[in-house]
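The structure appears below as structure tokens.
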Amino acid sequence: MQRTEILAEFDRYGILPTAQRIEIAGVLLAKPQHLSAEQIIDRLRVKGSGVSKATVYNTLKLFGERGLVKECVVDPERLYYDSTTVPHHHFYNMDTGELTDIPQQAIQVTGLPEPPPDFHLDSIEVVIRGRGAPPKDLA
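Just so you know, this note's numbering puts the end of the sequence shown at 208, numbered straight through with nothing missing.
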């Protein structure tokens, strides 16, 4: 994603652009992907960036709160940031830590209980945990 596209996204989501935020977004929004904060830090370091670990974590929290990225909690110790923000499901490889997208329409959820009063369901997103390689073509 080019700088102008990142700035347009920041404007769309009400994010004040700073040099560090633009660097972090450049890594995370380069393509549809799932990255942990540590993976983003590693990629920034390879590019010669001096962005601090605290700045990366704070920026990712801001991006998640504003809706620019989606936080994916796959287990209590792993949080990934997903550049695809439309509702969809995931395969989670417990051996490698890799997340693979599953299109929303590929899974049908039925038999949901009656929600509590004044509860509005926004989305249902399934994480299928396993080992080995998930199917490559799910579209």
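Backbone N, C-alpha and C define an ideal beta-carbon position, used for all residues, glycine too.
Beyond the five residues adjoining it in sequence on each side, His103 comes within less than 6 Å, by CB distance, of Tyr149, Asp151 and Leu168 in the same chain, given in chain order. Following the DSSP letters along the chain, one finds Val142 inside the beta strand (DSSP E) bounded by residues Lys139 to Asp144. With a cutoff of 8 Å on beta-carbon distance, Pro172 and His157 are scored as near each other. The beta carbons of Glu92 and Leu137 sit no closer together than 8 Å. Counting C-beta pairs with one atom in each stretch, the segment 116–133 and the segment 74–90 have three or more that are closer than 8 Å, which means they touch. Our two residues, Glu107 and Thr179, have alpha carbons roughly 37 Å apart in a direct line. Check the Cα spacing between Lys100 and each of Met70, Gly83, Gly201 and Leu85: the tightest is with Met70.
Around the beta carbon of Ile193, fewer than 16 other beta carbons lie within 10 angstroms, which makes this residue exposed. Taking every protein chain shown into account, the CB of Ile197 has fewer than 16 other CB atoms within 10 angstroms, so this residue is exposed.
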